[in-house]
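For reference, the structure discussed in these notes is given below.
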Amino acid sequence: MTQAEIKLCSLLLQEHFGEIVEKIGVHLIKTGSQPLRVIVHDTGTSLDQVKKALCVLIHHNLVIYHVNKRSVVEYEAQCSRVLRMLRYPRYIYTTKTLYSDTGELIVEELLLNGKMTMSAVVKKVADRLTETMEDGKTMDYAEVSNAFVRLADTHFVQRCPLVPTTGSSDPGPPPPAPTLVINEKDMYLVPKLSLIGKGKRRRSSDEDAAGEPKAKKPKYMDNKEPIPDDGIYWQVNLDRFHQHFRDQAIVSAVANRMDQTSSEIVRTMLRMSEITTPSSAPYTQPLSSNEIFRSLPVGYNISKQVLDQYLTLLADDPLEFIGKSGDSGGGMYVINIHKALASLATATLESVIQERFGSRCARIFRLVLQKKHLEQKQVEDFAMIPAKEAKDMLYKMLSENFISLQEIPKTPDHAPSRTFYLYTVNVLSAARMLLHRCYKSIANLIERRQFETKENKRLLEKSQRVEAILASMQATGAEEAQLQEIEEMITAPERQQLGTLKRNVNKLDASEIQVDETIFLLESYIESTMKRQ
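Once you know that position 202 of the sequence shown is 202 in UniProt numbering, the rest is easy, because the numbers rise by one and skip nothing.
Written out as structure tokens, the structure reads:
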């Protein structure tokens with residue numbers, strides 16, 4: 001765990017949950033597994049606050065617990081899961097593009113609350129959608145429920161593990177901590193709920209509450225009508241989103257290298273492999289040419305002969321995204337996910353070198369990558385760059401850890417005159433170095449955004465107050481002159497300052513998302529490589 005990662009985790013926890021949760025979370029990240037009493041002692045926080053903070057972290061899957069050999073419960077932070085909070089906007093936006101506003105709000109509620117029952121999510125989302133609709137229109141629970149079922153069917157949401165039901169005849173003492181289990185076949189099984197009703201607006205619900213105090217609460221309080229899916233909690237399946245992002249990156253890479261038809265064929269193959277292939281597998285399951293032809297999107301008019309030509313072209317490509325594994329069924333094809341991720345990571349490194357050191361350095365980097373090992377004289381000759389410039393560029397990249405130097409001595413004494421010095425690229429270590437820098441960059445971006453907001457806090461509060469007054473006056477039907485008078489409370493220089501602040505914050509937000517895309521590619525490549533070793 002590097003200092004950059006710890007700092008980024010600290011910023012994310014503080015931004016989402018506040019100082020106390022951040023203090024406990026960072027302490028666990030730094031120290032590893034700790035029992036409750038040690039956490040209380042080391043952090044100097046009260047027992048009650050530590051318990052509440054741990055509850056929040058466990059509820060959001062940021063901390064796990066286990067029982068050690070002495071039967072003491074220890075708590076351990078999941079740093080990788082904390083860093084996933086960076087990607088929350090991307091998860092939400094992806095769901096919006098796939099399942100419209102309803103799916104977007106379902107995923108947003110689950111991410112904000114950690115775990116929720118389906119009935120609670122449906123009601124909350126229906127109420128939120130009703131708030132945004134015109135007067136007189138409401139969102140039906142059934143429509144939200146259908147969107148939830150579609151998300152579960154495509155594995156974007158999944159059930160949380162439960163405490164197994166044990167027989168009452170079990171004589172032994174209860175364990176120090178419950179063991180949560182779930183059957184794999186039940187993970188995406190949606191309970192059959194008959195949710196009948198529509199979303200409610202806040203104003204109308206307040207009026208109802210004033211007229212009929214506590215009319216609905218006793219229904220849930222009584223044992224006669226319990227919550228239908230009580231105890232069945234759902235969470236967002238982040239691995240499924242990562243699989244989707246990875247597939248999109250591969251499709252985009254194929255489209256840039258070849259054409260749109262090739263990318264559509266690869267997209268079809270990946271869609272066919274979504275459920276059959278585990279997200280961590282280096283290859284997809286073999287697919288026959290006939291199966292791919294039948295699964296192409298409706299209206300995509302290409303003949304079987306043209307499809308076979310495209311598949312042959314993809315299989316012969318030097319990048320080897322697609323491989324041929326047999327000849328049955330018109331030819332069996334697989335997508336080599338590991339090689340695709342390696343190519344994407346290499347392209348990212350090349351892009352960074354080109355931006356930082358120029359096109360000549362990028363040329364040398366590609367050359368060393370292609371030839372595996374080269375001496376300095378060979379680099380100068382192959383790259384057709386003068387000796388002095390080539391030496392300078394090689395040392396620049398060497399000092400930044402983009403390339404490495406390997407010594408091969410002719411004699412045991414390692415004398416420089418009798419030693420070969422070969423330049424080589426270790427893509428894995430270069431990717432790790434770049435990933436570390438990306439974490440530092442995101443931490444700096446978050447700190448800058450927080451500084452910008454803090455510096456203009458008074459102005460932002462004034463703007464929010466004026467907007468609230470305008471909204472309330474418009475609701476009561478105020479005259480145009482009155483509204484204009486309220487708007488003039490913010491002067492022209494203040495408006496200009498607000499505009500500049502919004503532009504800066506938007507730029508910083510966009511930069512965070514772009515850096516996170518690079519982080520995702522590098523993390524996927526490193527994870528895939530480590531599993532193969």
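Ideal Cβ placement from N, Cα and C applies to all residues, glycine included.
Along the alpha helix (DSSP H) that carries residue i, what are the first and last residues, could you check?
i: residue 497; result: 492-532
i: residue 49; result: 47-59
i: residue 144; result: 141-153
i: residue 310; result: 304-316
i: residue 393; result: 387-399
i: residue 350; result: 337-357
i: residue 487; result: 480-487
i: residue 23; result: 19-31
i: residue 189; result: Run containing residue 189: none; DSSP gives neither H nor E here.
i: residue 373; result: Looking at the DSSP string, residue 373 is not in any alpha helix (DSSP H), and its letter there is neither H nor E.
i: residue 298; result: Neither: residue 298 is in no alpha helix (DSSP H) and is coded neither H nor E.
Identify, in the order they occur along the chain, each residue of the same chain with its Cβ nearer than 6 Å to the Cβ of residue i, setting aside the five sequence neighbours on each side.
i: residue 419; result: 407 and 409
i: residue 340; result: 250 and 321
i: residue 263; result: 251, 254 and 255
i: residue 65; result: 73, 75 and 177
i: residue 126; result: 139, 141, 144 and 199
i: residue 4; result: 436, 439 and 440
i: residue 265; result: 310
Determine the burial state of residue i: buried for a count of at least 16 other Cβ atoms within 10 Å of its Cβ, exposed for fewer.
i: residue 212; result: With a pLDDT of 43 at residue 212, under the threshold of 50, the modelled position of this residue cannot be trusted, and the question is left open.
i: residue 377; result: exposed
i: residue 214; result: Note on residue 214: pLDDT 43, under 50, position unreliable in the model; no value is reported.
i: residue 384; result: exposed
i: residue 242; result: buried
i: residue 465; result: exposed
i: residue 503; result: exposed
i: residue 530; result: exposed
i: residue 235; result: buried
i: residue 520; result: buried
i: residue 305; result: exposed
i: residue 348; result: buried
i: residue 209; result: Residue confidence is low: residue 209 scores 39 on pLDDT, short of 50, so the model does not pin down where it sits. No coordinate-derived value is stated.
i: residue 118; result: buried
i: residue 398; result: exposed
i: residue 194; result: exposed
i: residue 124; result: buried
i: residue 108; result: buried
For residue i, report the span of its beta strand (DSSP E) as first-last.
i: residue 236; result: 233-236
i: residue 324; result: 322-326
i: residue 405; result: 404-409
i: residue 420; result: 419-424
i: residue 159; result: 157-159
i: residue 63; result: 63-67
i: residue 73; result: 73-77
In chain order, what residues of the same chain lie with their CB nearer than 8 Å to the CB of residue i, ignoring the 5 residues before and after it?
i: residue 268; result: 292, 295, 296 and 297
i: residue 346; result: 369 and 427
i: residue 270; result: 247, 250, 251, 284 and 335
i: residue 308; result: 289, 330 and 331
i: residue 497; result: 456 and 459
i: residue 96; result: 103 and 104
If residue i and residue j are in contact, beta carbons under 8 Å, what's the gap, nearest whole angstrom?
i: residue 244; j: residue 102; result: Not a contact, Cβ separation roughly 18 Å.
i: residue 6; j: residue 54; result: Actually they do not touch by this definition, with Cβ atoms about 19 Å apart.
i: residue 319; j: residue 303; result: The pair is not a contact, with the Cβ atoms about 26 Å apart (cut-off 8 Å).
i: residue 456; j: residue 501; result: 5 Å
i: residue 338; j: residue 282; result: 4 Å
i: residue 332; j: residue 273; result: Actually they are not in contact, since the Cβ atoms of residue 332 and residue 273 sit about 13 Å apart, beyond 8 Å.
i: residue 176; j: residue 67; result: 5 Å
i: residue 452; j: residue 505; result: 6 Å
i: residue 147; j: residue 106; result: 6 Å
i: residue 26; j: residue 10; result: 5 Å
i: residue 585; j: residue 374; result: Nothing about residue 585 can be read from this structure; the chain reaches only from 1 to 533.
i: residue 230; j: residue 191; result: About 10 Å separates the two Cβ atoms, so there is no contact after all.
Whose C-beta lies closer than 7 Å to the C-beta of residue i among residues of the same chain, with five residues either side of it excluded?
i: residue 494; result: 459
i: residue 56; result: 17 and 21
i: residue 206; result: For residue 206, the predicted structure reports a pLDDT of 43, less than 50, and the residue's modelled location is therefore unreliable. The matter cannot be settled from this model.
i: residue 432; result: 526
i: residue 19; result: none
Inspect the CB distances between the segment 136-150 and the segment 69-89 and report whether three or more fall short of 8 Å. no
Assess, as a yes-or-no matter, whether the segment 363-380 is touched by the segment 271-281 under the definition of 3 or more beta carbon pairs within less than 8 Å. no
Are the segment 38-53 and the segment 468-484 touching by the rule of at least three beta carbon pairs closer than 8 Å? no
Is the segment 487-501 touching the segment 509-522 in the sense that three or more CB pairs, one from each, lie closer than 8 Å? no
Can you find at least 3 beta carbon pairs, one from the segment 124-134 and one from the segment 65-82, that sit closer than 8 Å? Result no; under three Cβ-Cβ pairs closer than 8 Å.
Contact between the segment 112-130 and the segment 57-66 (3+ Cβ pairs under 8 Å): Three or more pairs of CB atoms, one per stretch, sit closer than 8 Å, so the segment 112-130 contacts the segment 57-66.
Quick test of the definition: if touching needs 3 or more C-beta pairs under 8 Å, does the segment 155-164 touch the segment 174-184? yes
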